[in-house]
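In what follows, a single structure is set out as structure tokens and then discussed.
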Amino acid sequence: MSTATTSRPPVGGDRPRGHAEAPGRRTWRPTRPSAPAVLLVMALLLPTAALLVDGGWPQALRVDLAPGLDSFADWVVDNRGSHPVFLYFLLHLSNAATDSVAWVHDLFGATGWAGVLTVATALAWYAGGAGRRGAGPALVALGSLAGCGLLGLWEQATETLALMLVSVVVASVLGLLLGLAGGLSDTAQRILRPVLDTMQVLPSFAYLLPLVLIFGIGTPSALITTVIYAAPPMVRMTTLGLRGADPAVLEASRSLGATPWQRLWTARLPMARPQLFLGLNQTIMMALSMVVIASVVGAGGLGESVYQALKTRDFGQGLTAGLAIVLIAVWLDRTTAAAGTRGGVPIGRRSAGIALVAACGGLLAGPRLGDWPEAVTVNVAAPLNTAVDWLVGNAYQDVPVIGGTSVWAGNFTSWVLNPLNNGLQALPWWSLLLLAAAVAWLVGTWRGALTAVIALACTGVLGIWDKSLYTLSQVLVAVALALLLGFAIGVLAARVPVVERLLRPVFDAMQTLPQFIYLIPVVQLFNAGRVAAITAAAVYALPAVVRVTTQGLKQVSPAAMEVSRSLGATTWQQIRDVQWPLARPALLVAANQGVVLVLAVVVIGGLVGGGALGFDVVKGLTAGELGTGLIAGAGIVCLGLVLDKLTQPAGRSPSTGTRY
């Protein structure tokens with residue numbers, strides 16, 4: 037998570053150079069407590085507090101916002117067709133969203149599958165630099181889109197592409213404008229930073245709640261939700277690119293008499309080209325990750341196939357649609373990445389003419405070929421369902437010695453989940469606030485500790501303290517599982533290059549698959565409940581944890597490793613005493629990313645028995661209970677802020693102010 041924090045105070049009261057303290061003026065600087073002392077105090081305080089004081093948040097400190105939010109929802113429904121705000125603004129916005137997506141989808145239909153394939157291949161070839169350099173992206177584009185047709189999902193793929201194209205264009209333009217403001221103005225950056233941080237931890241379902249209330253079920257809610265969710269990466273990368281411009285180039289441009297607009301157009305933006313394309317790439321990936329979520333409100337396309345597969349537990353159908361989403365993601369990723377890495381290398385007129393002629397030829401021939409022929413499709417859903425049925429039949433129960441997944445789920449619930457939840461519920465509210473403050477201060481800064489305390493206290497004020505702790509117990513277990521497996525696999529991948537190469541394509545696919553896909557097999561293996569939700573969340577977060585851990589361990593100084601080796605350290609001693617301490621910032625980032633991704637699945641876990649806040653968010657969306665859903669969404673945001681401050685490293689890049 038890329039939230040920015042105030043850098044850690046100098047140790048021992050030493051002041052940074054160039055910052056002299058005014059005479060006669062003393063600045064208070066909190067002293068960081070030692071970790072052993074804090075842990076000892078907490079080990080004595082928490083059990084004593086649980087025995088002497090009842091747990092729970094006091095009723096006098098609660099504020100019930102649900103009736104007011106429900107009344108507002110009723111007012112919106114009653115005035116949706118008559119209020120000027122709806123008639124003269126929101127209605128036009130809704131119609132524009134619906135018409136734009138429908139127009140793009142009709143264009144795909146009129147072009148035909150051959151036209152779409154030809155145009156996409158020609159654009160990928162041109163973006164890659166034409167000639168031999170563009171052959172790779174062109175083949176990926178051709179194979180990816182043809183794969184969607186072979187899976188029998190061409191029509192659903194075009195519906196998804198129509199929504200994707202419109203949402204990415206709007207999100208990119210909006211992100212570019214906000215990024216320009218943040219990159220050129222310090223005030224704008226300070227305003228945007230907390231907004232983007234909050235948007236990053238806000239669950240996607242929470243975006244849907246107010247939008248469905250205003251626009252109803254359909255394309256407008258899905259499109260606007262996707263735009264809001266996908267715009268932050270473009271804002272961040274544009275800001276980073278503009279602020280990272282070479283000062284010498286800017287000074288030379290200024291000395292030649294260039295105006296601020298000319299410096300922006302001729303110097304800042306060209307130097308920020310890699311970051312801009314990376315932002316576009318991440319915006320596309322974020323938009324694709326919203327495909328399934330948007331299907332809940334009637335977006336259709338591939339997301340609808342995945343959502344229906346979850347409701348019917350049809351793993352074959354869900355994975356087939358998920359593979360189509362992966363293929364689209366690979367195509368768009370390779371095309372934008374090729375355009376970004378090409379830099380400013382010009383492309384000859386001949387190559388541009390070849391791409392234009394090929395695209396025009398496809399557009400002319402495409403309508404004559406019509407829809408994708410059904411004879412050229414492959415049914416992979418049936419064998420996938422057969423494989424899952426065999427796995428469930430042989431692993432669910434009556435397995436010699438180990439018992440089976442049903443026994444594991446029951447034991448895990450009884451021995452881990454229930455004791456953890458009961459322990460959290462038994463602790464007094466003030467002791468949990470102290471614990472959050474202590475851990476956040478040890479890991480980050482005192483300001484981060486204050487933020488964690490305020491965020492955790494907000495769950496009590498909103499009247500969802502018990503539900504928040506219930507959800508927190510699931511998140512802690514899922515994060516622990518993801519970190520244990522992720523750190524172990526990351527260490528192995530960092531030390532054995534073959535393992536890293538083998539895992540790379542697997543993790544690429546796992547990070548692109550929709551979250552819903554992970555729920556289908558685990559529900560069949562463990563039944564609906566908390567164990568299924570926790571397992572899906574841990575598996576979904578695993579690739580990011582492994583990758584960040586591997587990268588951090590590989591960046592440890594070779595000199596330090598060589599010194600430890602020359603002193604006779606064993607492999608385990610090198611890992612424990614050299615790599616882990618030196619890679620601590622990366623390990624904390626890995627834990628931070630694991631928290632973010634686990635929280636993203638917590639809400640979806642409410643669909644399969646996860647309960648608590650996730651269930652309330654889904655209930656608020658599907659049953660129209662806006663107050664319940666928004667309060668639960670706010671609770672998840674508060675938990676995200678708390679866990680973010682508990683796992684974020686305190687270091688910041690001196691040039692950009694972002695954490696590393």
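Heads up, the sequence shown is in the numbering used here, so the first residue is 37 and it goes up one at a time.
We put the beta carbon where it would ideally sit given N, CA and C, even for glycine.
Nothing here was measured: the structure is a model prediction, and the numbers come from that model.
Proximity winner among the options, relative to residue i (alpha-carbon distances)
i: V644; options: N563, L159, A605 and G358; result: N563
i: E661; options: I611, W93 and A102; result: A102
i: L624; options: Q587, M597, V654 and Q609; result: Q587
i: S208; options: L244, R272 and I227; result: R272
i: S136; options: S203, D100 and Q318; result: S203
i: W190; options: Y124, A150, S467 and A530; result: A150
i: S331; options: L368, K347, I320 and T319; result: K347
i: V366; options: T275, C184, T422 and L143; result: C184
i: V155; options: G429, C396 and L368; result: C396
i: V452; options: T606, L427, S467 and L512; result: L512
i: V559; options: A323, M307 and A345; result: A345
i: L129; options: M270, P617 and V206; result: V206
i: A374; options: A163, G656 and L123; result: A163
i: L201; options: L456, R349, M321 and V333; result: M321
i: L539; options: P557, I553 and A580; result: A580
i: L212; options: L492, R583, T319 and F552; result: T319
i: D100; options: L197, D350 and L498; result: L498
i: P268; options: T255, L232 and P594; result: L232
i: A418; options: A133, Y554, L355 and G439; result: L355
i: I640; options: Y554, G604, L314 and L420; result: Y554
i: T302; options: G315, A288 and L314; result: A288
i: D369; options: V412, H119, A323 and D407; result: A323
i: N421; options: R349, P594 and L492; result: R349
i: G316; options: L210, S291 and A411; result: In the sequence on display, residue 316 carries Leu and not Gly. Checked all of L210, S291 and A411; the closest Cα to L316 is L210.
i: L468; options: T607, L143, V678 and A132; result: V678
i: I264; options: G252, M235, L312 and L276; result: M235
i: R566; options: L520, Q615, N628 and L649; result: L649
i: V542; options: A595, H141, V424 and V582; result: V582
i: T196; options: A138, P230 and Y124; result: A138
i: L492; options: P464, G429 and A518; result: P464
Counterpart residues of residue i in DSSP-defined beta bridges
i: P464; result: G92
CB-CB length for residue i against residue j, believed under 8 Å
i: V414; j: L181; result: The Cβ separation is near 15 Å, so there is no contact.
i: G676; j: Q510; result: Not a contact, Cβ separation roughly 14 Å.
i: V479; j: L682; result: 6 Å
i: L765; j: L105; result: Past the edges of the chain, shown from 37 to 696, lies residue 765, and the structure says nothing about it.
i: R216; j: T274; result: Looking at the sequence shown, residue 216 is not Arg but Leu. Going by Cβ atoms, the distance from L216 to T274 rounds to 6 Å, so yes, they are a contact pair.
i: R279; j: G219; result: 5 Å
i: L618; j: V584; result: Contact flag wrong, Cβ pair sits at about 15 Å.
i: T495; j: C674; result: 5 Å
i: V654; j: G671; result: In fact, because the Cβ distance is near 14 Å, the residues do not count as touching under 8 Å.
i: I500; j: A668; result: 7 Å
i: G254; j: G145; result: So it is not a contact: roughly 19 Å between Cβ atoms.
i: L657; j: L245; result: 6 Å
i: T134; j: P306; result: That belief does not hold up - the Cβ atoms of T134 and P306 are roughly 37 Å apart, past 8 Å.
i: D613; j: A605; result: 7 Å
i: L247; j: I260; result: 6 Å
i: T698; j: A158; result: Since the first residue shown for the chain is 37 and the last is 696, residue 698 is missing from the structure and cannot be characterised.
i: A530; j: L578; result: 16 Å between Cβ atoms; not a contact.
C-beta neighbour in chain D for residue i, strict 8 Å
i: G522; result: Of the protein chains in this structure there is only one, and it is not chain D.
### Query
Looking at C-beta atoms only, is the number of pairs between the region 270-284 and the region 340-355 that lie closer than 8 Å three or more?
no
### Message
Ignoring anything shorter than 3 residues, give me the beta strand (DSSP E) runs that lie fully in the region 581-669, in order along the chain.
### Response
none
### Query
If you scan the region 292-373 from start to end, which runs of the beta strand (DSSP E) of 3 or more residues do you find wholly inside it?
none
### Message
Three or more C-beta pairs under 8 Å: does that hold for the region 624-641 against the region 571-578?
### Response
yes
### Query
In the region 509-589, which residue ranges form an unbroken beta strand (DSSP E) of at least 3 residues, counting only runs that do not cross its ends?
none
### Message
I want to know whether the region 474-494 touches the region 524-536 - three or more CB-CB distances under 8 Å.
### Response
no
### 4-residue-minimum alpha helix (DSSP H) runs that sit fully inside the region 93-135, ordered along the chain
102-115
### Query
Quick one: any contact between the region 492-511 and the region 452-462, if contact means 3 or more CB pairs under 8 Å?
yes
### Message
Does the region 214-233 come into contact with the region 442-454, if we say contact requires no fewer than three beta-carbon pairs (one atom in each stretch) closer than 8 Å?
### Response
no
### Task
Could you pull out every unbroken alpha helix (DSSP H) segment of at least 4 residues lying fully inside the region 204-274, listed in chain order?
222-237 and 240-251
### Message
With three or more C-beta pairs closer than 8 Å as the rule, is the region 544-551 touching the region 357-365?
### Response
yes
#### Entry: beta strand (DSSP E) segments (min. 3 residues) lying fully within the region 148-175
none
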